[in-house]
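Engineer: The sequence shown begins at 1 in the UniProt record's numbering and counts up one residue at a time.
Even for Gly, the Cβ is constructed at its ideal location relative to N, Cα and C.
Every value quoted in this text rests on a predicted model; they were computed, and no experiment measured them.
Please read through the structure below; I'll follow up with questions.
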Amino acid sequence: MTRYFFVVLLMGLVGIAIVVKGAMIMFAERQYWHDVADRFVKENVTVKPNRGNILSSDGKLMASSLPEYKIYMDFMSGERDEKRRKKDQQRKDSIWKANFDSICIGLHQIFPDISAATFKSHLRKGREMKSRNYNILPNRNRRISYIQYKEAKRLPVFKMNKYRGGFHEQIYNQRKKPFGSLAAQTLGRLYADTAMGARNGIELAFDTLLKGRNGITHRQKVMNKYLNIVDLPPVDGCDIISTLDVGMQDICEKALVDKLKEINANVGVAVLM
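The following block contains the structure:
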């Protein structure tokens, strides 16, 4: 009976200690834990909207923002606990070695100008460096298209999520003109620094409509990962339908270029009414 009494007494004391500690955290240490939580929150992170398209009078796409990518590899485990990190690193290394040849052959098929042997040498170097952000392409300034990115994502290891496989990317929105130089001056250009906005042409004249409105998020660290929590969603820019006629513009540009070549001139102007 005495033994049970001591067990009950001990459990009671433990329960009281838990309640007291909880009360201390809720009241006496409340501000301290709020300050700790605030250290893992990044407020007012700007989210850029998608810029609107410029269309011809018959709906053909004249200027649009298309994504380009740089692709990277993280060769190291992100686990914080040492035992779990060693185990996870062994898993990543074994998967990488088993699929290494297939990855290099697959990359060569996507990028025929780079041999599989070059990819092998390049990626081995990144693995030896234990890099966490290693550019998969030998030319570190090279960006790839959305189609090439999706093809790379189908390769072994790369198709895993970035925490298990290590493949990750950086996205750039690049302004493209599908018809090349056709009406390029009329359409206009953007500054290299996108924060400066449009430089000339329709891009500048209708910049307030094309650029949309920025959104706002805050980043909060949860379970050792940052999550983007949307406070104000971005509003994409409006599409602009111009009076440009692609067919007529093409005829006009060809006639101008032919005449410039005929008289060996550097500059010429053709007015299409």
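Within 10 angstroms of the Cβ of residue 229, are there 16 or more other Cβ atoms? Answer buried if so, exposed if not.
Structural biologist: The sequence position of residue 229 within the sequence shown is 229, counting from 1. Exposed, because fewer than 16 other Cβ atoms sit within 10 Å of the Cβ of residue 229.
Engineer: Which residue comes first and which comes last in the beta strand (DSSP E) that contains residue 63?
Structural biologist: Within the sequence shown, the letter at position 63 stands for residue 63. Counting along the chain, the beta strand (DSSP E) containing residue 63 begins and ends at 61-73.
Engineer: Which stretch, first to last residue, makes up the alpha helix (DSSP H) that contains residue 169?
Structural biologist: Translated into the one-based positions of the sequence shown, residue 169 becomes position 169. That residue, residue 169, is in no alpha helix (DSSP H); its beta strand (DSSP E) goes 167-176.
Engineer: Kindly confirm or deny that the region 98-113 and the region 152-162 touch, where touching means at least three C-beta pairs closer than 8 Å.
Structural biologist: They touch, by the three-pair rule.
Engineer: DSSP on residue 215, reduced to helix/strand/coil?
Structural biologist: Indexing the sequence shown from 1 puts residue 215 at position 215. Three-state DSSP puts residue 215 in a strand.
Engineer: Quick one: what does DSSP say residue 135 is sitting in, helix, strand or coil?
Structural biologist: On the sequence shown, position 135 is the one that residue 135 refers to. Here residue 135 sits in strand by DSSP.
Engineer: Distance check for residue 144 and residue 173, CA to CA, integer angstroms please.
Structural biologist: The count along the sequence shown starts at 1 and reaches residue 173 at position 173. The count along the sequence shown starts at 1 and reaches residue 144 at position 144. C-alpha separation (whole angstroms): 12 Å.
Engineer: Rounding to the nearest angstrom, what Cα-Cα distance links residue 73 and residue 249 in this structure?
Structural biologist: Within the sequence shown, the letter at position 73 stands for residue 73. Within the sequence shown, the letter at position 249 stands for residue 249. C-alpha separation (whole angstroms): 45 Å.
Engineer: Give me the Cβ distance between residue 171 and residue 52, rounded to the nearest whole Å; I'm assuming they're in contact under 8 Å.
Structural biologist: Translated into the one-based positions of the sequence shown, residue 171 becomes position 171. Translated into the one-based positions of the sequence shown, residue 52 becomes position 52. Contact flag wrong, Cβ pair sits at about 18 Å.
Engineer: Taking the DSSP output, what are the residues bridged to residue 255?
Structural biologist: Residue mapping note: residue 255 aligns to position 255 of the sequence shown, counting from 1. Answer is none; residue 255 lacks a bridge partner.
Engineer: Could you tell me the distance, in whole angstroms, from the CA atom of residue 59 to the CA atom of residue 128?
Structural biologist: Sequence index remark: in the sequence shown, residue 59 carries index 59 (1-based). Sequence index remark: in the sequence shown, residue 128 carries index 128 (1-based). Taking the straight line joining both Cα atoms gives about 52 Å.
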